[in-house]
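*Asks:* The listed protein sequences derive, respectively, from chains A, B, C and D.
With the numbering used here applied, the first sequence corresponds to residues 5 to 201, in that order.
With the numbering used here applied, the second sequence corresponds to residues 5 to 201, in that order.
With the numbering used here applied, the third sequence corresponds to residues 5 to 201, in that order.
With the numbering used here applied, the fourth sequence corresponds to residues 5 to 201, in that order.
I have a structure here, written as structure tokens, and I will follow up with some questions on it.
Number of protein chains: 4
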Amino acid sequence: MPKVTLEHRTARHDQIVEAARRCAMDQGFHKTTMADVIRESGLSAGAVYGYFKSKDEIVSAIADQALSTVDELFEGILATKEPLSPLTALTATLEHIVQIAERPGGDITRVALQAWAEAMHNDAIAGIAREKYTHLRSKFIEVARRGQADGTVDPDVDPDHVGQVMFALVPGFLLQRLILGDVTPQTFTAGLTALLK
Amino acid sequence: MPKVTLEHRTARHDQIVEAARRCAMDQGFHKTTMADVIRESGLSAGAVYGYFKSKDEIVSAIADQALSTVDELFEGILATKEPLSPLTALTATLEHIVQIAERPGGDITRVALQAWAEAMHNDAIAGIAREKYTHLRSKFIEVARRGQADGTVDPDVDPDHVGQVMFALVPGFLLQRLILGDVTPQTFTAGLTALLK
Amino acid sequence: MPKVTLEHRTARHDQIVEAARRCAMDQGFHKTTMADVIRESGLSAGAVYGYFKSKDEIVSAIADQALSTVDELFEGILATKEPLSPLTALTATLEHIVQIAERPGGDITRVALQAWAEAMHNDAIAGIAREKYTHLRSKFIEVARRGQADGTVDPDVDPDHVGQVMFALVPGFLLQRLILGDVTPQTFTAGLTALLK
Amino acid sequence: MPKVTLEHRTARHDQIVEAARRCAMDQGFHKTTMADVIRESGLSAGAVYGYFKSKDEIVSAIADQALSTVDELFEGILATKEPLSPLTALTATLEHIVQIAERPGGDITRVALQAWAEAMHNDAIAGIAREKYTHLRSKFIEVARRGQADGTVDPDVDPDHVGQVMFALVPGFLLQRLILGDVTPQTFTAGLTALLK
DNA sequence: AATGAATGAGACTTCATTCAT
DNA sequence: TATGAATGAAGTCTCATTCAT
């Protein structure tokens with residue numbers, strides 16, 4: 005019966021990652037001990053090590069999740085909305101980010117910050133971050149291209165560069181939200197409206 | 005003997021912070037051990053603890069430095085240039101950031117990322133980050149105000165909100181530069197040119 | 005598996021306390037390092053800290069033991085012997101103390117002296133000492149009361165005060181035995197015989 | 005001018021011992037650091053080490069002082085009072101102990117307890133304690149002899165043994181006073197009156 | 001598969017003592 | 001002589017990981 009076992013394995017796996025995420029959200033990756041994860045997951049040390057070879061592997065899994073969540077939701081947005089100006093795309097993104105951040109389970113964007121820092125000296129996480137953010141940014145590049153096709157964005161500029169700027173606003177918004185605490189999609193959209201062509 | 009001693013103390017203090025910064029740049033705050041800092045500083049354990057009460061205090065000192073460096077240099081820019089459009093201000097800022105990042109001593113912006121993560125669960129660093137970034141952002145708000153006075157920025161939008169967006173581009177640029185590695189002041193300025201009013 | 009585990013835990017706990025007691029007997033609380041206790045117990049650092057949160061907790065456990073041993077044995081004496089004059093009670097107590105002190109494991113009364121000193125600036129041990137010695141002294145007060153009932157002790161004196169004096173002879177005996185080394189239950193009983201009513 | 009220098013040396017020496025005594029009174033010998041002594045004495049590290057070769061030497065000096073103080077004062081009592089029953093001698097001693105203990109500078113009897121503990125594993129202090137307490141006890145033995153001469157003490161008992169018992173009451177009183185806090189010369193004398201022949 | 005007690009390297013920090021000035 | 005910054009051995013405790021049951 006491979007199905008049941010697989011489901012069981014997946015459930016256990018997620019149980020561990022969720023526990024670790026909750027810990028990392030409050031304490032960061034480094035203050036979170038394996039004992040914390042074990043306690044929070046309700047499993048035993050041996051069980052946890054049956055699913056992950058090391059703490060590093062768990063950290064990578066949380067980082068992957070934290071860096072993906074924004075991505076996944078963002079994709080949805082871009083896929084549906086048709087005539088998509090940079091302003092509209094950004095506004096929709098920020099609103100979704102806040103929705104995710106305010107989920108009952110805790111603010112996963114805090115974990116994304118941990119992942120950024122970790123990527124500076126952890127190759128596995130650097131790889132994940134590169135992959136996820138390259139992908140996310142490609143969506144903004146796509147918006148830039150559409151804008152150029154629509155005539156709303158200067159066609160002489162490399163859409164990659166336009167995408168860089170649009171994408172930059174996402175971590176810039178996140179960071180201000182977490183550290184200064186006074187930005188909202190509304191205030192940010194207002195500022196964008198004043199600045200964007 | 006106040007003069008000599010004070011200079012001496014300051015030199016030693018800086019010697020330790022510099023050593024710690026080099027370590028944190030390579031390894032992050034948490035993988036950096038006191039033994040690393042002690043070895044790198046060329047002092048003894050006791051000497052280091054004569055200048056800092058704990059590792060946390062050293063971390064705060066590095067974080068302060070990392071979050072200040074951009075600030076200081078940025079201030080210079082804004083003070084001098086007179087007719088300052090958002091685009092000009094941002095371009096100048098990014099160029100300075102890259103100048104700082106490429107200094108021989110190592111890229112201090114990597115440490116800034118560590119500080120962002122640390123601010124999530126370290127009140128001292130959260131305080132420093134809040135203070136430094138509130139101040140830095142206020143400069144962009146000032147630029148927005150000048151733009152409104154000049155008629156180049158929509159006067160009906162709260163300049164605080166415009167400042168939020170301009171400021172957001174700084175960490176957004178930094179993060180892409182460090183993680184994706186393909187942004188430069190030039191590419192970014194090109195993208196900005198296409199997007200900004 | 006509660007039974008086996010509980011026994012096991014108790015055995016380990018005692019193994020650590022015994023090891024620590026042996027160390028403290030030779031070196032005192034402060035010269036005894038955790039490394040000493042770990043080596044002497046035959047366990048690992050982690051194992052020891054699985055049973056005690058800190059060195060202080062181990063010290064309290066040894067102090068408790070050292071201050072209790074006299075107490076326990078003394079209670080036995082008082083419970084059985086019926087017509088109990090102060091002289092008889094004291095003689096029996098001293099003989100028991102020496103029996104305990106000369107046990108193969110080492111002289112635990114040396115640890116009691118450490119505990120007295122420690123009680124001066126360690127609230128946990130001060131509390132233990134207060135509790136144990138209040139209890140022990142209450143036995144002597146009981147002897148005083150019986151003496152008053154029997155007509156062998158002046159009924160006009162507060163039995164608490166009589167108990168203070170009787171109890172005082174115990175540490176007085178211990179201290180002389182350990183520092184001057186020339187008192188025995190026999191010499192002491194002889195002196196008591198000459199002095200007591 | 006050797007006199008001035010000698011006075012100066014003595015003053016400095018005492019200054020250090022007093023400082024160390026104050027520290028040891030509050031914290032015990034082991035929690036007292038050389039830094040504490042240096043700060044409290046108002047001298048420099050080098051200066052302190054000009055007078056004492058090591059912390060151990062300072063500890064011995066404080067222990068000597070603590071074990072002597074009772075001794076000195078006690079001698080005075082015994083020298084003057086002529087017809088001296090054990091009860092009288094003891095009462096006078098306890099009153100003097102409390103006088104000393106309640107001096108403004110702090111309760112030096114707390115330091116005596118430290119010295120007892122230290123004597124268990126410090127030969128220098130064990131030697132001092134032996135010497136001081138042998139001497140102090142000899143005074144009680146002298147009282148016993150006088151009692152035997154006066155016919156108030158049983159002449160068939162070795163006066164050394166009577167002295168052991170009388171002397172025992174001194175640490176017994178001290179310990180109760182410091183740990184249980186409810187004995188006074190008055191309560192103790194009352195108890196003694198009920199018990200002594 | 002699961003358990004969780006045990007491991008032990010290594011982290012942070014202290015403090016008695018020295019010595020160049 | 002006096003200073004006090006510096007030394008570095010040694011102390012307490014943690015925690016990722018393993019393995020006998």
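For glycine and all other residues, C-beta sits at the position ideal for the given N, C-alpha and C.
Return yes when at least one heavy atom of the ligand ATP lies under 7 Å from the C-beta of B:Glu44, else no.
*Replies:* Ligands in the displayed structure: none, and consequently the ligand ATP is not present.
*Asks:* Give, in chain order, every residue of the stretch 20-40 of chain A whose Cβ lies closer than 9 Å to some Cβ of chain B.
*Replies:* Answer in chain order: Met29, Asp30, Gln31, Gly32, Phe33, His34, Lys35.
*Asks:* Is the beta carbon of D:Leu117 sitting closer than 8 Å to the one on C:Ala121?
*Replies:* To locate residue 117 of chain D, count along the fourth sequence from 1; it is residue 113. To locate residue 121 of chain C, count along the third sequence from 1; it is residue 117. Yes. Within cutoff.
*Asks:* Could you work out which residues of chain A lie near B:Thr68, taking near to mean beta carbons separated by less than 7 Å?
*Replies:* In the second sequence, residue 68 of chain B corresponds to position 64, counting from 1. Here residue 68 of chain B turns out to be Asp, not Thr, going by the sequence shown. Ordered by position in chain A, no residue passes the 7 Å Cβ test against B:Asp68, which lies about 14 Å from the chain.
*Asks:* Would you mind giving the Cβ-Cβ distance between D:Leu199 and C:Lys201, rounded to the nearest angstrom? I have them listed as a contact below 8 Å.
*Replies:* By 1-based counting over the fourth sequence, the position of residue 199 of chain D is 195. By 1-based counting over the third sequence, the position of residue 201 of chain C is 197. About 6 Å separates the two Cβ atoms, so the contact holds.
*Asks:* Using a Cβ-Cβ distance under 8 Å, would C:Tyr137 count as near chain D?
*Replies:* Here residue 137 of chain C refers to the residue found at position 133 when the third sequence is read from its first residue. So, interface residue.
*Asks:* Look up C:Leu200 in the DSSP assignment and say whether it is helix, strand or coil.
*Replies:* Along the third sequence, read from residue 1 onward, the residue named residue 200 of chain C stands at position 196. Three-state result, C:Leu200: strand.
*Asks:* Please state the DSSP three-state secondary structure of A:Val169.
*Replies:* Along the first sequence, one-based indexing puts residue 169 of chain A at 165. Helix.
*Asks:* Please name the residue in B:Met29, B:Val115, B:Ala24, B:Ala148 whose C-alpha comes closest to that of B:Val74.
*Replies:* Taking the first residue of the second sequence as 1, we reach residue 74 of chain B at position 70. For the residues B:Met29, B:Val115, B:Ala24, B:Ala148, the minimum Cα distance to B:Val74 belongs to B:Val115.
*Asks:* Are A:Met38 and A:Lys57 close, meaning C-beta to C-beta below 8 Å?
*Replies:* Locating residue 38 of chain A in the first sequence gives position 34, where the first residue counts as 1. Locating residue 57 of chain A in the first sequence gives position 53, where the first residue counts as 1. Not closer than 8 Å, so no.
*Asks:* Grab the span of the alpha helix (DSSP H) containing A:Gln118 for me, first residue to last.
*Replies:* The count along the first sequence starts at 1 and reaches residue 118 of chain A at position 114. Start and end: 113-123.
*Asks:* Using beta-carbon positions only, say whether D:Pro189 and D:Glu99 come within less than 8 Å of one another.
*Replies:* As a first step, residue 189 of chain D must be located in the fourth sequence, where it is residue number 185. As a first step, residue 99 of chain D must be located in the fourth sequence, where it is residue number 95. Against a cut-off of 8 Å, the Cβ pair of D:Glu99 and D:Pro189 comes out as a contact.
*Asks:* Do you know whose CA, among B:Asp164, B:Leu196, B:Leu47, lies nearest B:Arg16's CA?
*Replies:* Position 12 of the second sequence, counted from the start, is the residue given in the question as residue 16 of chain B. Closest option to B:Arg16, Cα to Cα, is B:Leu47.
*Asks:* What is the rounded straight-line gap between the Cα of C:Glu146 and the Cα of D:Asp40?
*Replies:* Numbered from its first residue, the third sequence carries residue 146 of chain C at position 142. Numbered from its first residue, the fourth sequence carries residue 40 of chain D at position 36. Going from the Cα of C:Glu146 to the Cα of D:Asp40 covers about 46 Å.
*Asks:* Find out if the Cβ-Cβ distance for the pair C:Gly176, D:Met124 is shorter than 8 Å.
*Replies:* Locating residue 176 of chain C in the third sequence gives position 172, where the first residue counts as 1. Locating residue 124 of chain D in the fourth sequence gives position 120, where the first residue counts as 1. No, these two residues do not count as a Cβ contact at 8 Å.
*Asks:* Can you tell me the Cα-Cα spacing of D:Lys7 and C:His165, whole angstroms?
*Replies:* Residue mapping note: residue 7 of chain D aligns to position 3 of the fourth sequence, counting from 1. Residue mapping note: residue 165 of chain C aligns to position 161 of the third sequence, counting from 1. The predicted model places D:Lys7 with a pLDDT of 45, which falls under 50 and marks its position as unreliable; any figure quoted below should be read in that light. Their backbone Cα atoms lie some 53 Å apart in a straight line.
*Asks:* Return the CA-CA distance between A:Leu94 and A:Asp158, expressed in angstroms with no decimal places.
*Replies:* The sequence position of residue 94 of chain A within the first sequence is 90, counting from 1. The sequence position of residue 158 of chain A within the first sequence is 154, counting from 1. Rounded to the nearest angstrom, the two C-alpha atoms are 18 Å apart.
*Asks:* C:His125 CB to nearest chain D CB: under 8 Å?
*Replies:* As a first step, residue 125 of chain C is located in the third sequence; it is residue number 121 there, counting from the start. Chain D, which has a Cβ nearer than 8 Å to the Cβ of C:His125, makes this yes.
*Asks:* Using the beta-carbon count (16 or more within 10 Å), is A:Arg107 buried or exposed?
*Replies:* Translated into positions along the first sequence, residue 107 of chain A becomes position 103. A:Arg107 comes out exposed.
*Asks:* Please list, in chain order, all residues of the same chain as B:Gly167 whose beta carbon is under 6 Å from its beta carbon, the five residues on each side excluded.
*Replies:* The count along the second sequence starts at 1 and reaches residue 167 of chain B at position 163. Excluding positions up to five away in sequence, the list reads Arg141, Phe144, Ile145, Ala148.
*Asks:* In chain order, what are the residue ranges of uninterrupted alpha helix (DSSP H) at least 4 long that sit wholly in the stretch 10-88 of chain D?
*Replies:* If we require 4 residues or more, the alpha helix (DSSP H) runs fully inside the stretch 10-88 of chain D come out as 38-45, 49-55, 59-84.
*Asks:* Could you pull out every residue in the same chain whose Cβ sits closer than 8 Å to the Cβ of B:Ser72, ignoring the five residues on either side in sequence?
*Replies:* As a first step, residue 72 of chain B is located in the second sequence; it is residue number 68 there, counting from the start. Result list for B:Ser72: Lys136, in chain order.
*Asks:* Taking D:Ala119 as the reference, give the member of C:Ile183, C:Ala51, C:Pro163, C:Ile62 with the closest Cα.
*Replies:* For the purposes of this step, residue 119 of chain D is identified with residue 115 of the fourth sequence, where counting begins at 1. Looking at the Cα atoms, C:Ile183 is the closest of the given residues.
*Asks:* Going by alpha carbons, who is nearest to A:Gly131 out of A:Asp68, A:Asp154, A:Glu76?
*Replies:* Locating residue 131 of chain A in the first sequence gives position 127, counting from the first residue. Of the candidates A:Asp68, A:Asp154, A:Glu76, the one whose C-alpha sits nearest the C-alpha of A:Gly131 is A:Asp68.
*Asks:* Tell me the DSSP secondary structure of C:Met5 in three-state form.
*Replies:* Here the question's residue 5 of chain C lines up with position 1 in the third sequence. Its pLDDT being 38, under 50, C:Met5 is placed unreliably by the model, and the measurement read from it follows with that caveat. Coil at C:Met5, not helix or strand.
*Asks:* Kindly say whether A:Gly149, judged by its beta-carbon, lies nearer than 8 Å to any beta-carbon of chain B.
*Replies:* On the first sequence, position 145 is the one that residue 149 of chain A refers to. The sequence given here places Arg at residue 149 of chain A; Gly does not occur at that position. No - not a single Cβ of chain B is within 8 Å of the one on A:Arg149.
*Asks:* Expressed to the nearest angstrom, what Euclidean distance is found between the alpha-carbon atoms of C:Arg26 and C:Gly80?
*Replies:* The count along the third sequence starts at 1 and reaches residue 26 of chain C at position 22. The count along the third sequence starts at 1 and reaches residue 80 of chain C at position 76. The alpha-carbon atoms of C:Arg26 and C:Gly80 are separated by roughly 26 Å.
*Asks:* Express the C-alpha separation of C:Ala65 and D:Gln152 in angstroms, rounding to a whole number.
*Replies:* Against the fourth sequence, residue 152 of chain D aligns to sequence position 148. Against the third sequence, residue 65 of chain C aligns to sequence position 61. If you take the alpha carbons of D:Gln152 and C:Ala65, they lie about 47 Å apart.
*Asks:* For chain B, is any of its Cβ atoms less than 8 Å away from the one on A:Ile104?
*Replies:* Locating residue 104 of chain A in the first sequence gives position 100, counting from the first residue. It does not; no Cβ of chain B falls within 8 Å.
*Asks:* Beta-carbon separation of D:Thr92 and D:Val174 under 8 Å?
*Replies:* Translated into the one-based positions of the fourth sequence, residue 92 of chain D becomes position 88. Translated into the one-based positions of the fourth sequence, residue 174 of chain D becomes position 170. Not in contact: D:Thr92 and D:Val174 (Cβ atoms no closer than 8 Å).
*Asks:* Are the C-beta atoms of D:Arg134 and some chain C residue less than 8 Å apart?
*Replies:* The residue you call residue 134 of chain D lines up with position 130 of the fourth sequence. Cβ-Cβ to chain C under 8 Å: yes for D:Arg134.
*Asks:* Let me make sure I understand the geometry here. Which of C:Val187, C:Glu22, C:Ile101 has the alpha-carbon closest to that of C:Val63?
*Replies:* As a first step, residue 63 of chain C is located in the third sequence; it is residue number 59 there, counting from the start. Considering only alpha carbons, the answer is C:Glu22.
*Asks:* Taking the alpha carbon of A:Val161 as the reference point, which residue from B:Gly195, B:Ile112, B:Ile42, B:Val102 has its own alpha carbon closest?
*Replies:* In the first sequence, residue 161 of chain A corresponds to position 157, counting from 1. Here the closest residue by C-alpha is B:Gly195.
*Asks:* According to the Cβ coordinates, are D:Ala49 and D:Thr36 closer than 8 Å?
*Replies:* Position 45 of the fourth sequence holds residue 49 of chain D. Position 32 of the fourth sequence holds residue 36 of chain D. Result no, Cβ atoms of D:Ala49 and D:Thr36 do not sit closer than 8 Å.
*Asks:* C:Thr95 versus chain D: which residues are under 8 Å apart at the beta carbon?
*Replies:* Position 91 of the third sequence holds residue 95 of chain C. Here the premise fails: no neighbours, minimum Cβ distance about 12 Å.
*Asks:* What separation, rounded to the nearest whole angstrom, lies between the Cα atoms of B:Arg134 and B:Ala105?
*Replies:* Taking the second sequence and counting its residues from 1, the one referred to as residue 134 of chain B is at position 130. Taking the second sequence and counting its residues from 1, the one referred to as residue 105 of chain B is at position 101. C-alpha separation (whole angstroms): 22 Å.
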